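Enquirer: Residue numbers (the working numbering): 48 to 140. Cβ coordinates follow ideal geometry from the N, Cα and C atoms, glycine included. Note that the coordinates shown come from a computational prediction; the quantities given were computed from them, not determined experimentally. Structure provided below as structure tokens; questions to follow.
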């Protein structure tokens, strides 16, 4: 069980690290590109307070998308939590 926890922790760390690298590379790439084309930009974010996701954004479409994604991740976390701790309970005698 400890090996699974270590594997999940390592995997999460690697995914976060890769995401930060991709964001940095994207920002550098966009800053070097000299475009004068006007684009519509939609921005949004999610803050999770316990089990409650709070989504905000510049359009309803972004907010709905972020809420769906955050609720999906929340359900996945709950399922993984139940799977992890259902195997750790001592057997009833």
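With DSSP as the reference, identify every bridge partner of residue 103, one or two as the case may be.
Expert: Paired residues: 92.
Enquirer: Closest to residue 109 by CA distance: which of 95, 125, 90, 97 is it?
Expert: Selected option, being the one with the closest Cα: 90.
Enquirer: For residue 100, which option in 92, 106, 87 has the closest C-alpha, if you only look at C-alpha atoms?
Expert: Among 92, 106, 87, the Cα nearest to that of residue 100 is on 92.
Enquirer: In angstroms with no decimal places, state the Cα-to-Cα distance between residue 130 and residue 123.
Expert: Whole-angstrom Cα-Cα distance: 11 Å.
Enquirer: Can you find a C-beta in chain C that's less than 8 Å from the C-beta of residue 63?
Expert: Looking at the structure shown, chain C is missing, and only one protein chain is on hand.
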